[in-house]
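Asker:
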Amino acid sequence: MKKLVLVLLGVILFTTNSFAQWVSKRVNDGFSPAYTTAYTNDGKDEYLKLEKVGEKVAFYISGLYICDDPVNVDLLFIVNGVNKLYQTWGHVSSDNEAVFMVPNILSDSLMVADFKAASRLKVRVYDHVCSTETHEFSMSGSTAAFNAVLNQK
Numbered sequence: 001m002k003k004l005v006l007v008l009l010g011v012i013l014f015t016t017n018s019f020a021q022w023v024s025k026r027v028n029d030g031f032s033p034a035y036t037t038a039y040t041n042d043g044k045d046e047y048l049k050l051e052k053v054g055e056k057v058a059f060y061i062s063g064l065y066i067c068d069d070p071v072n073v074d075l076l077f078i079v080n081g082v083n084k085l086y087q088t089w090g091h092v093s094s095d096n097e098a099v100f101m102v103p104n105i106l107s108d109s110l111m112v113a114d115f116k117a118a119s120r121l122k123v124r125v126y127d128h129v130c131s132t133e134t135h136e137f138s139m140s141g142s143t144a145a146f147n148a149v150l151n152q153k
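For the record, in the sequence shown the residue sitting at position 45 is 45 according to the working numbering, with numbers rising by one throughout.
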């Protein structure tokens, strides 16, 4: 009985943590030069993403539907149990399914440090036309993902 409980606990922890992390991926579609992107993979429709554009690193949320443009965005990084709040204006994609929260995260060294050190991130998107949404993400693997995007060749 003890073994069964331990096995079930292990399966639950494995399946929960296997999706709750940042991953990086090398994209080579043949149409444009190969590049590295990073995103959260937690099994939900909404996900966070980092992409290098020139010398900038864009940070956005996708997998949702937003009616308003632009929108207020709160980014609440939880770092060692302390809430670190950043407020910004986000611009909505043409298909209304992504919000570009930070056009260049490199321009704010404090946000970069909190991005790398956070255990969780809560994102609140204030859509005054449809509804305000709050999404929470694990930041496990965020440092490696950030560095993979920043240091790609």
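Beta carbons are placed, not taken as given, at the ideal position from N, Cα and C, and that holds for glycine.
1. Please report the distance separating the alpha-carbon of ARG124 from that of VAL99.
2. Which residues bound the alpha helix (DSSP H) around ASP114?
3. Look up SER140 in the DSSP assignment and say whether it is helix, strand or coil.
4. Rounded to whole angstroms, what is the Cα-Cα separation between SER93 and ASN80?
5. Using the Cα positions of ASN151 and ASP68, report the straight-line distance between them to the nearest angstrom.
6. Buried or exposed: which applies to GLY43, given that a residue is buried once 16 or more other Cβ atoms fall within 10 Å of its Cβ?
Answerer: A quick look at the data gives this:
1. 11 Å
2. 109-117
3. coil
4. 33 Å
5. 34 Å
6. exposed
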